[in-house]
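Asks: Protein chains in written order, with our numbering: chain A, 33 to 584; chain B, 4 to 610. Idealized CB from N, CA, C, for every residue including glycine.
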């Protein structure tokens, strides 16, 4: 393996989250050259990532200008785009990992003349397909967010064959940037950095609540200095915050730092208080504790910082997090994080005092990041509380999908133990805590999937008999519809239907015997997940080991 | 005359004055004298100014140019084409004027015959055909608010140069296609006008969508039937207003995902002020072609200030009241659609059904009902709707009160030896003595190469030359006399008809009008520029990719006149077979790149 590339045309937080993958690949392929293909405006972030040998900029603005340039002929535009692509293709990467979830990136990947690709690409007919089980799981995750418990970095690590490597995010801070930070932030702390803005309004905790928190905090720790960070567009928010906190000692660097200087500034702070932002990932990457308020679209289960002992707060309101297609007009989840409580929590963290004796929040969870026994990031609640049905199912799904994707055998006992510690619930009580219809629905789903397996087995034996094949295909479509119908009728079962659908959609073009075998694996996977859920719910400890061919 | 003009020109541009002095006019240039006695010019077989009263025409055009300049606050004007008399009337322009004339020969000929000395002293004249050199002129590039205007005749002589210059002058450019929604009326005589406008705009390369209000027409008729009793007039009015509201909401909804650059509504279009204001809020330019008599139809008053531009057919009298009502007006006379109206070889059946010596096609307005019975003894046939049902008319109407389609109308025009055209009036008993605008029939009859006897109209000579391209009457006596004469003089009749068709094709198609309208909108108070990029056609791209055979093979799967947009790329790639080629993938990448980069480059984002 000579040249490995990661295609990541996303934003700066996502790039920082790429660092564990780069580090993992370097360990696995010490002699390989690792390339990072990034958007031009985030080159500075890419330069801070460790173990990157070459950075290739894809100038998105230039590309947009080229394709929409009215004064340039169509053929000329075509040639310019081709030149742009050819410059990358000439490198002949041995493998490219595409972590950009766009169709354009999939087309680009198909143009790179690469031996092996992982992630979003095009099939022979030009349709976008995902040729990796971990990345395919994102399609399930985004449509059943309240039941997903995989951090995005774990999905990328899994896609790169690095599942469970326990490598946290990290960046190199250049010395000139450190000098800048030392000049800007002279004297002792404690310093709390504040990032006010986020990528969308609904992900942004309000300036008023930040202000209230800081006013309480500086009453508790009068010597605390508050470092304001952010981009120039957030200057007005910073001014409002300063106006609302007249007695607070601010060091306002909003709009005054480059990316590497921001990293250095964060490095000098003891803690970052923020919403779900790229700055949050950068702070974790320089070893600064983060305390993040996840509101609106954000959920820490997907994007909490990929490192241990960081903190995330999130409302437990039933609509949180927002669906991706939602534009919320009533952001009540913001109100579930009490500023006064948060100020005390931050004070304890700054003073390295225990936090578990703090009162629990009535409508929000306080979650700590932690690598589990399999090396994947999980969130541990600070306080035990009564379980909601999705809390239990989410634990079950995490184990079931880890098994079907990565082959990590499901162990029932650790799941029950987690439920007992976090929610005080014994295995025998699971059934009572869940909708009574659930076991019946799972049984029905298993029967349908078993029937589908039988149909596929018959198709395998048929050989080239078009009429029977057509009939068999029709029967399979009907069984799939029946599976989807159950999954649609019970939101707690949605991940089963969604995963099944995306696995079927991504079956490759293949000859009939291969396709039949792979289809049987898809139905087998579904049955296995159903079995895991049924055994957990029924407190049945006799879950058999996964059968060969039982997962895709 | 020439030396006086050249003397004035020398003060501005001595080299050009010398050049014109040395130049000679050739056979393409014909000096003529108009009916008014003023000099006029034919160049390359086309009139450069009116053969009737070119000075009046020039004055009107100049007034229009000056009003446009005042409206947009322009202190700089670039005028494409010297014209014949126009410059004389542009002396009043207080800003800077650059006149661009492509033909040196025409320039020489005009300066020999028309005294433009005072105008030449006030303007900068350049004679050139290279757009790059013209665009370098300081007045072309000036920083003051400018206006690019053109003589229609010059534009027709040098269309490429005109378009190139206009594109350089206006952001977005004249050649940039616009996305235009044409809003027709529910029903009536303006419906085919709207359809013709849509066709013409498409021919000009714009992306046109025509809204179909047929389902609403059924509702409208139902309201009419349900509230037929005069005592229900108020209820009828409320219901009709409600229907127009509903249509407006439907229009707005249909624009939400893909708003057009321009809404082009035609007379009686069912858009109320609320809809128009919301279109404005969506950033859509709103134009209205009010091709009706403003003295008869009064609804324009309520709508005037809710449109960005109102095109109308009454340049003199209507401008002032329109301004007072808060509207911005641009004169735009009627036209004909050559795809529908044209000479025909009639079958014997068609001739038997529609053939006649004398016919009239139109609605039964008051003055027509009064006037036409006096021609029944000459065998007049009447076609159209809203005529009295009494036996007098019934006998003259082969198809009583049937609305004739545009195609059937063309059959009637072609099958009739002498077509009568009498402009409508609700208050005169016959010919309107002060009639100004020209109805669509005037242009349709000329376009069909049909001999036309039309009532005298003040503006007729600006469009068609009486006695040469059309024949006129001022009262019933002259009408009867000329009917008799022309029925007996077939050669003269055919020659006038042929002249009329030539003129109509050269100047009076809907394509001409839509060109004028779009030019006016682009230079108007709220300049119109396309939201969509300027997209080439498949044919044009194929021309330029002869050394890219693989790309040509993919695009060659599409119709040559199709615009190369994202949909076309998708179709071209989807039409292929087997594995995607590199060119197909590159085309897909181009298609995807724009959307993605816009998404990820959204400014002010921190994560």
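1. Within the 8 Å Cβ cut-off, does residue 539 (chain B) reach chain A?
2. Whose Cβ in chain B lies nearer than 7 Å to the Cβ of residue 142 (chain A)?
3. Within 8 Å of any Cβ in chain B, is that where the Cβ of residue 328 (chain A) sits?
4. Quick check: the Cα distance between residue 250 (chain A) and residue 280 (chain A), rounded to an integer number of angstroms?
5. Less than 8 Å between the beta carbons of residue 411 (chain A) and residue 336 (chain A), yes or no?
6. Quick one: is residue 566 (chain B) near chain A, going by C-beta distance under 8 Å?
7. For residue 400 (chain B), which residues in the same chain have their Cβ closer than 6 Å to its Cβ, ignoring the five residues on either side in sequence?
8. With respect to the alpha helix (DSSP H) encompassing residue 516 (chain A), which residues constitute its N-terminal and C-terminal limits?
9. Do you know offhand how far residue 254 (chain A)'s Cα is from residue 387 (chain A)'s?
10. Below 6 Å CB to CB, which residues in the same chain sit around residue 245 (chain A) once its five sequence neighbours on both sides are set aside?
11. At a CB distance below 7 Å, what residues from the stretch 179 to 200 of chain A approach chain B? Give them in sequence order.
12. Roughly how far, in whole angstroms, is the beta-carbon of residue 361 (chain B) from the beta-carbon of residue 486 (chain B), given that I think they are within contact range, below 8 Å?
13. Quick check on the burial criterion: 16 or more other C-beta atoms within 10 angstroms. Buried or exposed for residue 430 (chain B)?
14. Rounded to the nearest angstrom, what separates residue 177 (chain B) and residue 415 (chain B) at their Cα positions?
15. Considering only residues of the same chain and omitting the five flanking positions on each side of residue 165 (chain A), which have a CB-CB separation below 6 Å?
16. At what residue ranges does the stretch 233 to 280 of chain A contain a whole run of the beta strand (DSSP E), taking only runs of 3 or more?
17. Which of the three DSSP states, helix, strand or coil, is assigned to residue 5 (chain B)?
18. Applying the criterion that 16 or more other CB atoms from any shown protein chain within 10 Å of the CB defines a buried residue, is residue 49 (chain A) buried or exposed?
19. Quick one, which of A:270, A:305, A:462, A:191 has its alpha-carbon nearest residue 225 (chain A)'s?
20. Do the stretch 486 to 494 of chain A and the stretch 447 to 457 of chain A meet, that is, are 3 or more Cβ pairs less than 8 Å apart?
21. May I ask you to list, following chain order, the residues of the stretch 275 to 304 of chain A that have a beta carbon less than 9 Å from some beta carbon of chain B?
22. What residue range does the alpha helix (DSSP H) around residue 588 (chain A) cover?
23. Quick check on the burial criterion: 16 or more other C-beta atoms within 10 angstroms. Buried or exposed for residue 4 (chain B)?
24. In the DSSP assignment, what residue or residues form a beta bridge with residue 65 (chain A)?
25. Going by DSSP, what residue range makes up the alpha helix (DSSP H) through residue 80 (chain A)?
26. For residue 506 (chain A), count neighbouring C-beta atoms within 10 Å of its own C-beta (all shown protein chains included) and say buried if the count is 16 or more, exposed if not.
27. Might you give, ordered along the chain, the residues of its own chain that have their beta carbon closer than 6 Å to the beta carbon of residue 208 (chain B), omitting 5 neighbours on each side?
28. Just mark residue 355 (chain B) as buried or exposed, buried being the case when its beta carbon has 16 or more other beta carbons within 10 Å.
29. What are the start and end residues of the alpha helix (DSSP H) that includes residue 323 (chain A)?
30. Any beta-carbon of chain A closer than 8 Å to the one on residue 177 (chain B)?
31. Counting only beta-carbon atoms, is residue 154 (chain A) nearer than 8 Å to chain B?
32. Going by beta carbon distance, what residues of the same chain come within less than 7 Å of residue 609 (chain B), once the five residues before and after it are set aside?
33. Please go through the same chain and pick out, in chain order, the residues whose beta-carbon is closer than 7 Å to the beta-carbon of residue 290 (chain A), but skip the five residues on each side of it.
34. Since residue 531 (chain A) and residue 311 (chain A) should fall inside the 8 Å C-beta cutoff, what is the C-beta to C-beta distance between them, to a whole number of angstroms?
35. Between residue 79 (chain B) and residue 129 (chain B), what straight-line distance do the alpha-carbon atoms span, to the nearest angstrom?
36. Using a Cβ-Cβ cutoff of 8 Å, what residues of the stretch 544 to 570 of chain B are near chain A? List them in chain order.
Replies: The relevant details are as follows:
1. yes
2. 588
3. no
4. 7 Å
5. yes
6. no
7. 385
8. 498 to 521
9. 20 Å
10. 371, 374, 375
11. none
12. 6 Å
13. exposed
14. For residue 177 (chain B), the pLDDT reaches just 45, beneath the cut-off of 50, and the residue's location in the model is therefore unreliable, although a value from the coordinates is still provided. Rounded to whole angstroms, residue 177 (chain B) to residue 415 (chain B) spans 38 Å at the Cα level.
15. 437
16. 257 to 261
17. helix
18. buried
19. A:305
20. no
21. none
22. Absent from the structure is residue 588 (chain A), since the part of chain A shown begins at 33 and ends at 584.
23. exposed
24. A:35
25. 75 to 80
26. exposed
27. 180
28. exposed
29. Premise fails: residue 323 (chain A) lies in the beta strand (DSSP E), 321 to 326, not in any alpha helix (DSSP H).
30. Since pLDDT at residue 177 (chain B) reaches only 45, below the 50 mark, its modelled position is unreliable, and no value is offered.
31. yes
32. Caution applies to residue 609 (chain B), whose pLDDT of 30 falls short of 50 and renders its modelled position unreliable; the value that the coordinates give is listed next. So the list is empty, once near-sequence residues are dropped.
33. 76
34. Their Cβ separation, rounded to whole angstroms, is 33 Å, which puts residue 531 (chain A) and residue 311 (chain A) out of contact at 8 Å.
35. 15 Å
36. 544, 547, 548, 551, 554, 567
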